[in-house]
Each structure stands twice: as structure tokens, then as C-alpha cells.
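Written out below as C-alpha cells is the structure these notes cover.
Residue numbers (the numbering used here), protein chains in the order written: chain A, 108 to 221; chain B, 119 to 231.
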């Protein structure tokens, strides 16, 4: 049990679909992150939220839209994705933004775009 | 731009062999260093970390890593691996006061029973 739960674990969608990934953390942390993990590539940081405010957006295409309604929940809304967006999407949390090296990850949502 | 290099994408060892996974980074200033591990089907988790002090850091499950500043390296070691160490290992670096982690591409370790 990691304390960070992601749903769904697997998602297959067409390029015209709209779907969302959900992340919930039970650790009382104040910072939450979305990462993209592709085979043989470094983890790519997508978004950072600190105290529900987006503090980083690493040039992510607008077809990815994050939402952080409270400090325990984080969503990634997906629309009109491309096949190259197929990857494992990881949610993580840390005590605060200064603790970015000590991340607690969820098990990820495996996304396949057809 | 800063980067982290992990020398091998795949390493295959027999049980009881000694392990050393390489990690080099390109940055001349102050760094915090981390190793994460991802066991098959499980979440990424922190294995060990270095912030300051003794450059030899001990982590969970018998792993250790040594920070050699002159070589910009933070290699991961274990004297005798077990089948259960089969996993993917990621090195990550945080530079100065920047909050962002820079990740290596990972090394997949397979231990033959």
C-alpha cells in the first residue's frame, strides 16, 4: 500500500475520446505531481500542484488538462490524444514542494491511444 | 542542460553476484541524489537518498550508494543480489534549490535464480 491510489489502472481510448485519470493520496501531503513514463526514457514531469495551486506546467500539450480540487485529489483530463501519448502516467505526492526528491508514487495508469 | 546518465539499460546477474549500477550527472553545483526502484507491477519507491555528509549512503534491502563529487557519480551497489532484487532502478538528481528532479532513463536488473 503506497498511500497514493490511481484509477483506472488501464485505459484504452480512441483519439476522439475524452477520459480522465484520477489520483488520490492518503498521506496528508501538500504537493502532487503528474509524470509520464515511457519505455527507455527518463520520467517526464508534466504538472506540479502545491496547496492546490498549479506551480509548474512543463510545456505539456493542451490536450492534457490537470485539475486539483483539493490537496488529496488530482485529475488528468484527456481529450483528442495522439498515439504517441500512449504511456504509463504516474501520480506522486510529497510532503511539500521543497520535498520533491522524496516522492510517493501511485502504481500508474497505463494509457493506450488507438 | 542538466542530465542524468545511467550506463546500462539492462543488467543480468546470477544470485549472490555483486551489483553496481552506474549513475552520472552533468552539473557542477550542489546536488541532492536519489535512487528509486520499481519492482514488477509495483509503484516506484525511494531506495536511498543523499543530501550531505557521509558520501556513502545506506538504503533499504542492503543497498548502498557512494557519492563521488569529482566524478559526478552516484553509483548504486549491493554485495550479493537476490532474485527478489529483479526490478528497474532509477537515478534522480535535484540541483541547487530547483525543486525539479532530473531522472535517468532507468536500468532493468534481472537476477537469475
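Beta carbons: idealized from backbone N, C-alpha and C, even for Gly.
| Item | Value |
| --- | --- |
| Proximity test, Cβ basis, 9 Å: residue 194 of chain A and chain B | no |
| Test: residue 167 of chain B CB closer than 9 Å to a CB of chain A | yes |
| Three-state class that DSSP yields for residue 168 of chain A in the structure shown | coil |
| Simplified DSSP state of residue 179 of chain B, which is helix, strand or coil | helix |
| Terminal residues of the beta strand (DSSP E) in which residue 182 of chain A lies | 180 to 186 |
| Euclidean distance between Cα positions of residue 82 of chain B and residue 191 of chain A | Residue numbering for chain B in the displayed model covers 119 to 231; residue 82 of chain B lies beyond these limits and cannot be assessed. |
| Chain B residues whose Cβ lies nearer than 7 Å to that of residue 204 of chain A | 217 |
| Simplified DSSP state of residue 163 of chain A, which is helix, strand or coil | strand |
| From B/147, B/132 and B/230, residue whose alpha carbon lies closest to that of residue 188 of chain B | B/147 |
| Reference residue 207 of chain A; option with closest CA among B/152, B/124 and B/180 | B/152 |
| C-beta contact flag for residue 129 of chain A and residue 181 of chain A at 9 Å | yes |
| Three-state secondary structure (DSSP) of residue 204 of chain A | helix |
| Integer Cβ distance of residue 176 of chain B from residue 166 of chain B, believed to fall under 8 Å | 7 Å |
| Within chain A, partners of residue 137 of chain B - CB distance below 8 Å | Within 8 Å Cβ-Cβ: nothing; residue 137 of chain B doesn't reach chain A, min ~20 Å. |
| Local conformation of residue 189 of chain B per DSSP, three classes | helix |
| Exposure of residue 160 of chain B, with buried meaning 16 or more beta-carbon neighbours within 10 Å | exposed |
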